[in-house]
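Structure record follows, encoded as structure tokens.
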Amino acid sequence: MSEQAVKITVRPNGPLRVEGSITLTDADGKQWDLTGKPAISLCRCGASEKRPFCDGAHNRIGFQCQASPGNLT
């Protein structure tokens with residue numbers, strides 16, 4: 001059985017877009033039901049009311065983050 005590789009895309013000033021065979025587990029080991037979801041967007045700004053998922057709050061609060069491989073520290 002071949003599974004699609006997981007791809008994570010850092011969206012400028014936005015969420016982390018995760019695509020592929022995803023299992024999302026909380027600190028207690030409980031899993032979110034991602035049935036039928038080939039991709040999810042995870043909040044980076046901390047303002048989402050649907051955390052860990054993005055709800056677009058980054059636009060409302062003016063979140064700024066230009067993460068890229070060239071600026072790792």
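Counting from 1, position 8 in the sequence shown corresponds to residue 8 in the working numbering; the numbering is continuous, with no gaps. Even for Gly, the Cβ is constructed at its ideal location relative to N, Cα and C.
Item to check | Reference residue 77, options 7, 27 and 28, closest by Cα | outcome: Not covered by the structure: residue 77. The range shown for the chain is 1 to 73.
Checklist entry - residue 44 by DSSP, collapsed to three states: which one? => result As a first step, residue 44 must be located in the sequence shown, where it is residue number 44. In the structure shown, residue 44 sits in coil (DSSP, three-state: anything other than H, G, I, E or B).
Item to check | Pair within 7 Å by beta-carbon distance, residue 16 and residue 34 | outcome: Looking up residue 16 in the sequence shown gives position 16. Looking up residue 34 in the sequence shown gives position 34. In this structure, residue 34 does not lie closer than 7 Å to residue 16 by Cβ.
Next on the checklist: Tell me which residues share the same chain as residue 67 and place their Cβ nearer than 7 Å to its Cβ, disregarding the 5 neighbours each side in the sequence.
Outcome noted: Here residue 67 refers to the residue found at position 67 of the sequence shown. The answer, listed in chain order, is 10.
Next on the checklist: Taking the beta strand (DSSP E) that residue 60 belongs to, which residues open and close that run?
Outcome noted: As a first step, residue 60 must be located in the sequence shown, where it is residue number 60. From DSSP, residue 60 is part of no beta strand (DSSP E) but of the alpha helix (DSSP H) over 57-61.
Checklist entry - Taking the beta strand (DSSP E) that residue 7 falls in, what are its first and last residues? => result The residue labelled residue 7 in the question sits at position 7 within the sequence shown. First-last of the beta strand (DSSP E) with residue 7: 7-10.
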